[in-house]
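**Student:** Structure in structure tokens, see below.
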Amino acid sequence: MSTVITVENLGKKYTLRHQQREQYTALRDVITNGITNFGKKLLSPLRLRSKQAFTTHSSPTSPSLFTLHPSPASEEFWALKDVSFEVKQGDRIGIIGRNGAGKSTLLKILSRITEPTTGSVRIKGRVASLLEVGTGFHPELTGRENIFLNGAILGMGRAEIKKKFDEIVDFSEIEKFLDTPVKRYSSGMYVRLAFAVAAHLEPEILIVDEVLAVGDAQFQKKCLGKMEDAGTEGRTIIFVSHNIQSIRQLCTWGIVLKNGFTLAIDDISKVVDIYKSDVIIESRKTNIDNKPDAILNACLLDNQFEDSGLNCLGCDLSLLIDLKLTSECIVPHLSIGLYNNSDELIAHVINNDEPFHIQHGVKSKVSVRVDLLNINLVPGEYHINLWLGDGESIELDRFERASRFHIYQGNTLIKRSSNYPAHARCVIASNWKYF
């Protein structure tokens, strides 16, 4: 497939202007300054003339007791910085990230609504964008007139638009209001028509922001189906959403943005996992500071754990966990839960039989290594949840999705060419003999 979008070292800078907190001159300062100035006038009339230029009064004739001194300031804010990627024809790309990550700014640049500060964007093909409710249509024109207007903007002839007209109206489900000015539409009606126009006028590249969240669940499902169809027809889709399930369903690969930078570019399942982990880590940063006893970190060691995140069936896993504990924690309990991709608990271990002790009266940092032996789980994706308690009933902290791993079929435990049953959880080695 040919390259339709090339983004190189893209950056977008905004200048934020602030009005700093206004300073004022209080009554006590006026009185103090008055006495001081009176004394200076008696002692040095010449010095007074040189000081009058720096008086805190608003004017020489009408002094103010509370004179405001605004002091404006500005700072540079990079909404995007050093973003680079390529998009092939027919790709379906999901762009995810927290609010303020730079997703909408990137789409506005790709849609030619705003210019980049640094870097370059090369686009090959006709682009249709659905970014915000209220953009793209002329509010004074009717729905019918806006359909033809948008088609003309995309470079389509009137005859070409007429061929698609009935499909657009049927998809949008607003036939009764087609000759009403769109300024009188509800946000849901507006989005229905806007998406129908963008999707049916056959652009080579379709860019859709979170605006679909305005529609109801049935219409969102309808839109996702239409975008999937467009992708199979060879059109390129760029989709931004906080709905991770929709991203997984529609997109083949994705980009995670964080504070304007690219955190990851990979296939969609890996990108979603990276995004979820980052959200958990960021939320834990604030939670840990507020907790005297907490799970600081957890990581899988590299003894048999590959950089790709894969672990052979039947191998061991070693987990290193860092804790902070106080003297108030009498009997530290640490439990480890292994969950599959459907969040079902598959296995569980706890340190009841091998407890650890802390020095009373001081804060302690404890590192725990746990070796999980002979992981005989069915090949697939798994994650680890951790629980820290004082005894078995008092919860001190929990760390969900603390780490992830993927079991693949290897020869360490068992050889098998066929798939495992859907509800199978573990693997048992077996020897077969025929007589």
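The opening position of the sequence shown corresponds to residue -13 in this note's numbering, with each subsequent residue numbered one higher.
Every residue, glycine too, gets a C-beta built ideally from N, C-alpha and C.
The structure presented is a predicted model; accordingly, all values stated were derived computationally and were not measured.
For Ala333, which of Ile370, Gly366, Asp156, Ile82 has the nearest alpha-carbon?
**Tutor:** Ile370
**Student:** DSSP three-state label for Ala216, please.
**Tutor:** helix
**Student:** Among Ser379, Ile99, Asp279, Leu192, which residue has its Cα nearest to the Cα of Val352?
**Tutor:** Asp279
**Student:** For the candidate residues Pro102, Ile82, Leu2, Arg108, whose alpha-carbon lies nearest to that of Thr(-8)?
**Tutor:** Arg108
**Student:** Give the secondary structure of Asn136 by DSSP, where H, G and I count as helix, E and B as strand, and everything else as coil.
**Tutor:** helix
**Student:** Please report the Cβ distance between Pro102 and Pro167, rounded to the nearest whole angstrom; I am assuming they are in contact, meaning their Cβ atoms lie under 8 Å.
**Tutor:** Not confirmed; about 35 Å, so no contact.
**Student:** Can you name the residues that DSSP bridges to Trp418?
**Tutor:** Its beta-bridge partners do not exist; DSSP assigns none.
**Student:** When you compare only the Cα positions, how much space is there between Cys301 and Glu367?
**Tutor:** Those two C-alpha atoms are separated by around 15 Å.
**Student:** Would you mind reading off the limits of the beta strand (DSSP E) that contains Asp77?
**Tutor:** Asp77 -> no beta strand (DSSP E), and no H or E assigned at all.
**Student:** Ile224 and Ile79 - do their beta-carbons sit closer together than 7 Å?
**Tutor:** yes
**Student:** DSSP three-state label for Leu96, please.
**Tutor:** helix
**Student:** With a Cβ-Cβ cutoff of 7 Å, do Ala114 and Leu192 count as a contact?
**Tutor:** yes
**Student:** Check the C-beta distance from Leu320 over to Val354 and give it rounded, since I have them as a contact under 8 Å.
**Tutor:** 6 Å
**Student:** Terminal residues of the continuous beta strand (DSSP E) containing Ala114?
**Tutor:** 113 to 116
**Student:** Given a threshold of 16 other Cβ atoms within 10 Å of its Cβ, counted over all protein chains shown, does Ala410 qualify as buried or as exposed?
**Tutor:** exposed
**Student:** Using the DSSP secondary-structure output, state which residues sit across from Tyr368 in a beta bridge.
**Tutor:** Asn326, Phe391
**Student:** So is Leu2 buried or exposed if we call it buried at 16+ other beta carbons inside 10 Å?
**Tutor:** exposed
**Student:** Can you give the Cα-Cα distance for Pro56 and Glu62, rounded to whole angstroms?
**Tutor:** Low per-residue confidence applies at Pro56: pLDDT is 47, beneath 50, and the placement is therefore not dependable enough to give any value.
**Student:** Measure how close the beta-carbons of Thr91 and Leu66 come, nearest whole angstrom, since I'm counting them as under 8 Å.
**Tutor:** 6 Å
**Student:** Of the residues Leu305, Leu309, Val265, which one's Cα is nearest the Cα of Lys277?
**Tutor:** Leu309
**Student:** Contact check, Leu127 vs Leu135 under 8 Å by CB: the rounded distance?
**Tutor:** With 8 Å as the limit, Leu127 and Leu135 qualify as a contact, their Cβ atoms being about 7 Å apart.
**Student:** For Phe421, count neighbouring Cβ atoms within 10 angstroms of its own Cβ and tell me buried if that reaches 16, exposed if not.
**Tutor:** exposed
**Student:** Would you list the one or two residues that DSSP bridges to His319?
**Tutor:** Gly375
**Student:** When DSSP builds the beta bridges, which residues end up paired with Asn283?
**Tutor:** DSSP lists Asp308 as partners of Asn283.
**Student:** Can you tell me whether Arg178 is buried or exposed? The criterion is at least 16 other CB atoms within 10 Å of its CB, across all chains shown.
**Tutor:** So Arg178 counts as buried.
**Student:** Please classify Arg221 as buried or exposed, where buried requires at least 16 neighbouring CB atoms within 10 angstroms.
**Tutor:** buried
**Student:** Do Asn132 and Ser70 come within 7 Å of each other at the CB atom, strictly closer than that value?
**Tutor:** no
**Student:** With 16 other CB atoms within 10 Å as the buried threshold, where does Ile241 fall?
**Tutor:** A buried status is given to Ile241, since no fewer than 16 other beta-carbon atoms sit within 10 Å of its beta-carbon.
**Student:** State the Cα-Cα distance for the pair Asn326 and Asp264, rounded to the nearest angstrom.
**Tutor:** 20 Å
**Student:** Candidates Lys(-2), Leu282, Leu164: which alpha carbon is nearest Gly88's?
**Tutor:** Lys(-2)
**Student:** Considering only DSSP beta bridges, list what Ile251 is partnered with.
**Tutor:** DSSP lists Ile241 as partners of Ile251.
**Student:** With which residues is Ile147 paired in a DSSP beta bridge?
**Tutor:** Per DSSP, none; premise fails for Ile147.
**Student:** Determine the DSSP secondary structure at Arg411, reduced to helix, strand or coil.
**Tutor:** coil
**Student:** Based on DSSP bridge pairs, tell me the residues matched to Lys(-2).
**Tutor:** Leu66
**Student:** Determine, using beta carbons only, whether Ile305 and Val356 come nearer to each other than 7 Å.
**Tutor:** According to the sequence shown, residue 305 is Leu rather than Ile. Yes, these two residues count as a Cβ contact at 7 Å.
**Student:** Would you call the CB atoms of Leu374 and Ile266 closer than 7 Å?
**Tutor:** no
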